[in-house]
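A.B. asks: Before I ask anything, here is the structure I am working with.
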Amino acid sequence: MLDKKEILASVLSIEGIDKKEIYGLLTETADPSKGDYSLPCFKFAKVLHKSPVQIAQSVAESLTCLPPPFVKAEAVNGYLNFFVDGKECAKQVLGEIAEKKENFGNSTEGEGKTICLDYSSINIAKPFHIGHLCTTVIGGSLYRIYQKLGYKAVGINHLGDWGTQFGKLIVAFKNWSNEERLQQYGMQELTSIYVRFHTEAESNPSLEDEARAWFKKIEDGNEEALHLYNLFKEITLREVQKTYKRLKIQFDSYNGEAFYNDKMDPILQELREKKLLVEDGGAQVVDLSAEEMPPCLLVKADGATLYATRDLAAAYYRKRTYDFYKSLYVVAYQQNLHFRQVFKVLEKMGNDWAKDCVHVAFGMVSMESGAMSTRKGNVIYLEDVLNKAVEKSLEIITEKSPNLENKEETAETVGVGAVIFSVLYNNRIKDIVFSYDKVLNFDGETGPYVQYTNARCLSVMAKVGECTAEPDFDAVDNPEGKAVIACLQRFQSAIREAGERYEPCCIGRYLVDLCQSYNKFYLVHRISGEEEGVKSARLLLTNAVHVVIEEGLRLLGIGAPQKM
RNA sequence: GUUCGUGUACCUCAGAAGGAUAGAGGGUUCGCCUCCUAAGCGAAACGCCGGCGGUUCGACUCCGCCCACGAACGCCA
């Protein structure tokens, strides 16, 4: 579909003004009575030494014929306003959506380019709580958004599968658990013995020494230690897979911290050769004082490597393996400095691709009672939230649609969708104070509202049935219909903006706009019982809205029930 | 203390290359189902867009200073 602004910019030539500038200034008009698109001419006044009013006037007069679907240009108070032919627009867009279906909005801009996305990146043996939700669903959504824009997306779950906590787990396991219990109770067992370790270690500090010894055994490749290590990893991954399935999240790689253990030496070697690694207080750091940052610590005084060291190794590995166009890190903003340092070190090492590494930061999730803490036990498990949302959804279905066949399945889609939507609807950077009241509200700007509108579209289509008559586009050429058409046309630019800004909320916001416009249309204009041409055009509109909602929800990782 | 981020309606938030009268939703009050799904739609009320200066024909948007809140700031990740 051709961008309307491009069409306009191509025919607008103003002496001494760059086409690109014209394109940039063109906007959709807020007030439809003034026109559909508009060009403010104030900027040109200085260059042309004429008043904006005069400029708008003379350009309007010079435009003898406009390309379709534009029909009229009008100069008002220094603005040049353009009107489109509503019928022509409707015919174009609705025709295109009917033809392309879910492929509507696809783009080829990413062809041949790969985008790496590091998201979710869970810690082994730690429960999945609402704090992990943002990175998981933001990353999952961006993954699909880039695919839709034609990129090859690589989803990476950078597992936290290394560190002294594994020594602690082994000690705890050997003292208070066994394989049968672990297989039976899974994560619950892992969490509870881990918590027990901490409480017992307070009175018995020798446990900490034992834990260190066991971690050393893992590093040295001791058979028993490795067996248990792998068992903990297996159980965690098996269990989290259920959550990922509910959230429609996928990964192409689970290479985590352990994977990079043997890949850091060459990086450190290179840093030494380039004289970037200096000794400081026993540790080895890259000095970043010239870039007004604290030094980046890469090797501890005891010789052990750090988080940043592994991230450097991972960045190199990803560049080599995937030759990425961009490499995104969907990680909370607390790690802002860390990523600025790592990217800067990559740059100082002479990698021009350091500029393609982006920290996609998001805000903190806290509880009304304060910050979450696994140790203190005040966490909210994601499964609990999802289950409560599904339960609430089932209550509403039982009340409003008692005859629905697949109640449980629908409740799952609606409940989980509500939770995902609530996270993806606002700017990433906003902090979230978790509240069941908000997540469990299904009215207004929510996932269920969007799903409901889709179900409503499907219901209309099912009731009215097939209609083969030639559509009469006058039937949608009214203020409500025009608003829907304008929204439908914006789908691709919403996806593009989401991709450019790494902001899935652009999609969510767009969907709510679309639903609001359709619901208004639906209230004013009847579809069934109208004459064939009218019915046909309005059905085409309804189907287009349905197609775009379903595809938009898919990009967010949310399902769309047929009925609800 | 330094750096980064955030401040828009009672609440939660949109407002990305400065543009016409600052928008939604929740909540509150009042309306709309003999007719396509009322998880819907409409109306009312709610605003010195944190404050003060500056740039501009024009600033919620850009610049400077200040205030409030949050985060990070060397051997965790």
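Numbering (this note's numbering), first residue to last: 38 to 601. Ideal placement from N, C-alpha and C gives every residue a C-beta, glycine not left out. No experiment lies behind these values; they were computed from the predicted model shown.
(1) Report back the beta-carbon spacing between F528 and F141 to the nearest angstrom; my notes put them in contact at under 8 Å.
(2) Inspect the beta-carbon positions of G481 and A455 and report whether they are closer than 7 Å.
(3) In chain order, what residues of the same chain have a beta carbon less than 6 Å from the beta carbon of V561, not counting five sequence neighbours either side?
(4) Just the Cα atoms here: how many angstroms apart are D317 and V402?
(5) Counting C-beta neighbours from all protein chains within 10 Å, is the total for G502 16 or more, i.e. buried, or is it exposed?
(6) Output needed for T579: all residues of its chain with C-beta closer than 7 Å, excluding positions within five of it in sequence on either side, in chain order.
(7) When you compare each of A209, D339, L85 and V113 to E247 by their alpha carbons, which one comes out closest?
(8) So which of V476, Q287 and I586 has the shortest CA-CA distance to T172?
(9) Could you check what DSSP says for C542 in three-state terms: helix, strand or coil?
(10) In angstroms, rounded to a whole number, what distance separates the CA positions of T447 and L308?
(11) Is it the case that the Cβ atoms of L131 and A523 are separated by a distance below 7 Å?
(12) Let me know if A110 comes out buried or exposed under the rule of 16 or more other beta-carbons within 10 Å of its beta-carbon.
(13) Answer yes or no: do W199 and A345 have a C-beta to C-beta separation smaller than 7 Å?
(14) Given a cut-off of 7 Å on the beta-carbon distance, is the pair V379 and D360 in contact?
(15) Measuring CB atoms only, is the segment 416-436 touching the segment 188-208, in the sense that at least three cross pairs come out at less than 8 Å?
(16) Could you check whether the segment 160-172 touches the segment 238-254, counting it as contact only if at least three pairs of C-beta atoms, one from each stretch, sit closer than 8 Å?
(17) Enumerate, from N- to C-terminal direction, the unbroken beta strand (DSSP E) stretches of 3 or more residues contained entirely within the segment 273-358.
(18) In whole angstroms, give me the CA-to-CA distance for I44 and A127.
(19) For the alpha helix (DSSP H) that contains D421, what are its first and last residues?
(20) Report the CB separation of G176 from D289 in whole angstroms; it is logged as a contact under 8 Å.
(21) Alpha carbon to alpha carbon, how far is S530 from E587? Give it in angstroms, no decimals.
(22) Would G147 and Y116 qualify as a contact pair, given that the criterion is a beta-carbon distance under 7 Å?
(23) Is it true that the CB of E449 sits closer than 7 Å to the CB of V427?
(24) Is there contact between the segment 461-478 and the segment 296-303, where contact requires at least three CB pairs shorter than 8 Å?
(25) Figure out for me which residue from G452, H583, A398 and I417 has the closest Cα to the Cα of L423.
(26) Apart from the five residues just before and just after P104, which ones in its own chain have a Cβ nearer than 7 Å to its Cβ?
(27) Measuring alpha carbon to alpha carbon, tell me which residue in V521, A597, E507 and F120 is nearest N569.
(28) Rounded to the nearest angstrom, what separates N160 and L196 at their Cα positions?
(29) Report the option in S50, A46 and Y231 whose CA atom is closest to the CA atom of Y74.
(30) Could you check where the alpha helix (DSSP H) with E247 kicks off and where it finishes?
(31) Could you name the residues of the same chain whose beta carbon sits closer than 7 Å to that of V521, not counting the 5 residues immediately before and after it, in chain order?
(32) Using three-state DSSP, classify S554 as helix, strand or coil.
(33) Consult DSSP for V585 and reduce its assignment to one of helix, strand or coil.
(34) With distances taken Cα to Cα, identify the nearest neighbour of A398 among P77, Y366 and Y180.
(35) Going by DSSP, what residue range makes up the beta strand (DSSP E) through A110?
(36) Rounded to the nearest angstrom, what separates N292 and D393 at their Cα positions?
C.D. replies: This is what the structure holds:
(1) Mapped onto the first sequence, residue 528 falls at position 491. Mapped onto the first sequence, residue 141 falls at position 104. Contact check for F528 and F141: beta-carbon distance about 7 Å, within the 8 Å limit, so the pair qualifies.
(2) Taking the first residue of the first sequence as 1, we reach residue 481 at position 444. Taking the first residue of the first sequence as 1, we reach residue 455 at position 418. Not a contact, by the Cβ cut-off of 7 Å.
(3) In the first sequence, the residue the question calls residue 561 occupies position 524. Only E517 meet the Cβ criterion.
(4) Residue 317 sits at position 280 when you count from the first residue of the first sequence. Residue 402 sits at position 365 when you count from the first residue of the first sequence. Roughly 36 Å between the two C-alpha positions.
(5) Here residue 502 corresponds to residue number 465 of the first sequence, with the count starting at 1. A residue is called buried when at least 16 other Cβ atoms come within 10 angstroms of its Cβ; G502 does not meet this threshold and is exposed.
(6) Against the first sequence, residue 579 aligns to sequence position 542. The answer, listed in chain order, is C494, V497, M498 and I564.
(7) The count along the first sequence starts at 1 and reaches residue 247 at position 210. Looking at A209, D339, L85 and V113, the one whose alpha-carbon comes closest to that of E247 is A209.
(8) Translated into positions along the first sequence, residue 172 becomes position 135. Comparing Cα-Cα distances from T172 to each of V476, Q287 and I586, the minimum goes to Q287.
(9) Position 505 of the first sequence holds residue 542. The three-state reading of DSSP puts C542 in helix, counting H, G and I together.
(10) Counting from 1 along the first sequence, the entry for residue 447 is found at position 410. Counting from 1 along the first sequence, the entry for residue 308 is found at position 271. Computed Cα separation, rounded: 55 Å.
(11) Sequence index remark: in the first sequence, residue 131 carries index 94 (1-based). Sequence index remark: in the first sequence, residue 523 carries index 486 (1-based). No, the pair does not count as a contact, with Cβ atoms beyond the cut-off.
(12) Counting from one through the first sequence, the residue named residue 110 turns up at place 73. Buried is the call here.
(13) As a position in the first sequence, residue 199 is number 162, starting the count at 1. As a position in the first sequence, residue 345 is number 308, starting the count at 1. At a Cβ-Cβ threshold of 7 Å, W199 and A345 do not count as neighbours.
(14) To locate residue 379, count along the first sequence from 1; it is residue 342. To locate residue 360, count along the first sequence from 1; it is residue 323. Taking 7 Å as the cut-off, the beta carbon of V379 is found no closer than this to the beta carbon of D360.
(15) Too few Cβ pairs lie closer than 8 Å, so no.
(16) Flag = no, the segment 160-172 and the segment 238-254 do not touch.
(17) If we require 3 residues or more, the beta strand (DSSP E) runs fully inside the segment 273-358 come out as 314-317, 320-323 and 333-336.
(18) Taking the first residue of the first sequence as 1, we reach residue 44 at position 7. Taking the first residue of the first sequence as 1, we reach residue 127 at position 90. When rounded, the distance between both Cα atoms is 17 Å.
(19) Here the question's residue 421 lines up with position 384 in the first sequence. Unbroken alpha helix (DSSP H) run through D421: L419 to K437.
(20) As a first step, residue 176 must be located in the first sequence, where it is residue number 139. As a first step, residue 289 must be located in the first sequence, where it is residue number 252. In this structure G176 does not touch D289 by the C-beta definition: roughly 12 Å separates them, more than the 8 Å allowed.
(21) If you number the first sequence from 1, residue 587 lands on position 550. If you number the first sequence from 1, residue 530 lands on position 493. One C-alpha to the other measures close to 17 Å.
(22) Position 110 of the first sequence, counted from the first residue, corresponds to residue 147. Position 79 of the first sequence, counted from the first residue, corresponds to residue 116. Against a cut-off of 7 Å, the Cβ pair of Y116 and G147 comes out as no contact.
(23) Indexing the first sequence from 1 puts residue 427 at position 390. Indexing the first sequence from 1 puts residue 449 at position 412. If you check the CB distance, V427 and E449 come in under 7 Å.
(24) Contact between the segment 461-478 and the segment 296-303 is absent, because fewer than three Cβ pairs lie under 8 Å.
(25) Translated into the one-based positions of the first sequence, residue 423 becomes position 386. Here the closest residue by C-alpha is G452.
(26) As a first step, residue 104 is located in the first sequence; it is residue number 67 there, counting from the start. Excluding its 5 nearest sequence neighbours in each direction, P104 has C-beta neighbours in its own chain below 7 Å: I44 and V48, listed in chain order.
(27) If you number the first sequence from 1, residue 569 lands on position 532. Inspection of the sequence shows that residue 569 is occupied by Glu rather than by Asn. Comparing Cα-Cα distances from E569 to each of V521, A597, E507 and F120, the minimum goes to E507.
(28) Sequence index remark: in the first sequence, residue 160 carries index 123 (1-based). Sequence index remark: in the first sequence, residue 196 carries index 159 (1-based). Spanning the two alpha carbons is a distance of roughly 6 Å.
(29) Translated into positions along the first sequence, residue 74 becomes position 37. Comparing Cα-Cα distances from Y74 to each of S50, A46 and Y231, the minimum goes to A46.
(30) Numbered from 1 along the first sequence, position 210 holds the residue referred to as residue 247. Counting along the chain, the alpha helix (DSSP H) containing E247 begins and ends at S243 to D257.
(31) As a position in the first sequence, residue 521 is number 484, starting the count at 1. Here the set comprises S554, Y555, F558, L578 and V582.
(32) The residue labelled residue 554 in the question sits at position 517 within the first sequence. Helix at S554.
(33) Within the first sequence, the letter at position 548 stands for residue 585. Three-state result, V585: helix.
(34) Counting from 1 along the first sequence, the entry for residue 398 is found at position 361. It is Y366.
(35) In the first sequence, the residue the question calls residue 110 occupies position 73. Secondary structure note for A110: its beta strand (DSSP E) is the uninterrupted segment F107 to V113.
(36) Against the first sequence, residue 292 aligns to sequence position 255. Against the first sequence, residue 393 aligns to sequence position 356. Computed Cα separation, rounded: 20 Å.
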